[in-house]
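Enquirer: Here the sequence shown is numbered in the numbering used here, starting from 8 and rising by one per residue. Glycine included, each C-beta is placed from N, C-alpha and C at the ideal position. Please read all numbers here as calculations on a predicted model, not as lab measurements.
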Amino acid sequence: MIFFDLDNTLLDHDGAEQDAIRDFAKRYRDEIIDCPDGIEVMWRAITDQKRQQWRAGKLNFEGLRRARISALFRRPLREELADELIAEYYANYRQYWRLFPDVLPALEKLRNVAPLAIITNGFTYHQEAKLQVTGIREYFSFLVISEQVGAAKPDPKIFQHALKQSGKTAQECWYIGNHPFNDAMAASELGFKAVWLNRYKCDTKVSTRVVRSLEGLVDLVTVHY
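#1: Measure the alpha-carbon distance for Asn128 versus Leu13 and round it to whole angstroms.
#2: By Cβ distance, which residues of its chain are closer than 6 Å to Asp190, with the 5 residues on each side in sequence left out?
#3: According to DSSP, simplified to helix, strand and coil, what is Ile143?
#4: Could you pull out every unbroken alpha helix (DSSP H) segment of at least 4 residues lying fully inside the region 86-135, listed in chain order?
#5: Alpha carbon to alpha carbon, how far is Trp50 from Ile9? Give it in angstroms, no decimals.
#6: Secondary structure at Gly22, three-state DSSP: helix, strand or coil?
#7: Compare the Cα-Cα distances from Thr229 to each of Val156, Val120 and Gly157 and report the closest residue.
#8: Is it right to say Gln59 is buried, meaning 16 or more other beta carbons lie within 10 angstroms of its own, or is it exposed?
#9: I want to know whether the region 25-41 touches the region 106-124 - three or more CB-CB distances under 8 Å.
#10: Identify, in the order they occur along the chain, each residue of the same chain with its Cβ nearer than 7 Å to the Cβ of Gln25, setting aside the five sequence neighbours on each side.
#11: Give a yes or no on whether the C-beta atoms belonging to Ala124 and Ser148 are separated by under 8 Å.
#12: Should the region 66-80 be regarded as contacting the region 110-119, the criterion being three or more beta carbon pairs within less than 8 Å?
#13: Contact check, Val225 vs Leu204 under 8 Å by CB: the rounded distance?
#14: From the DSSP output, in three-state form, read off Lys164 for me.
#15: Measuring CA to CA, which of Glu154, Ala74, Gly45 and Thr141 is closest to Asp30?
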């Protein structure tokens, strides 16, 4: 079994998010927080901060979404208004979804080697939609999504849930993701054949296998499966 992370592994989430928030900010430039380093940097900082609160149990999924947009507008927003703004931003974000160029060639090759599946953090309807819109849902036997499991990577529970669903042991499974710790190291500690997809040549040191592209994963799996 070969498990994939989704955002920034298969789908260029950061690129789509940056394009979407730039469009959104143009419409509300007089209302949102001042961003001397750029709206993209500010949105990433807000997102990281609110996700930490969510992981700590201080926010639920809906609270996370509303907290992000309220922080951007520098004030608490009524739930109805926050939800409207979130929906508007999400519509922008969805327009910019795209796969990395190496995704389809890799999936075509790997689907003939072993069953494929997804382990991803996020909202169920978002993650399902990403696979449908980009046309890759058919490659995957199943999806394990943090909202459904009630645990997000790097929590071992989400990986264990995936193993249970697959009927495989960790030692029988590959896992690849773009985050050195939340993906690669977290999976490795449970016994997966873990691979860090380091597309941008970061200097972070990990004890797992490292590839620069999904073509590198194909080579690894072909030799070692």
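Expert: The structure says:
#1: The alpha-carbon atoms of Asn128 and Leu13 are separated by roughly 8 Å.
#2: The answer, listed in chain order, is Asp12 and Gly184.
#3: In the structure shown, Ile143 falls within a coil segment according to DSSP collapsed to helix, strand and coil.
#4: The DSSP assignment places 86-102 and 110-117 as complete runs of the alpha helix (DSSP H) inside the region 86-135, in order along the chain (cut-off: 4 residues).
#5: Spanning the two alpha carbons is a distance of roughly 32 Å.
#6: Gly22 carries a helical assignment under DSSP once its states are collapsed to helix, strand and coil.
#7: Checking every option, the nearest Cα to that of Thr229 belongs to Val120.
#8: By the Cβ neighbour-count rule, Gln59 is exposed, with fewer than 16 other Cβ atoms within 10 Å of its own.
#9: Between the region 25-41 and the region 106-124, the count of Cβ pairs shorter than 8 Å is below three; the stretches do not touch.
#10: Cβ within range, chain order: Glu47.
#11: In this structure, Ala124 lies near Ser148, with their beta-carbon atoms less than 8 Å apart.
#12: Between the region 66-80 and the region 110-119, the count of Cβ pairs shorter than 8 Å is below three; the stretches do not touch.
#13: The distance from the Cβ of Val225 to that of Leu204 is about 12 Å, inconsistent with a contact at the 8 Å cut-off.
#14: Lys164: helix per DSSP, three-state reduction.
#15: The residue with the shortest Cα to Cα distance from Asp30 is Gly45.
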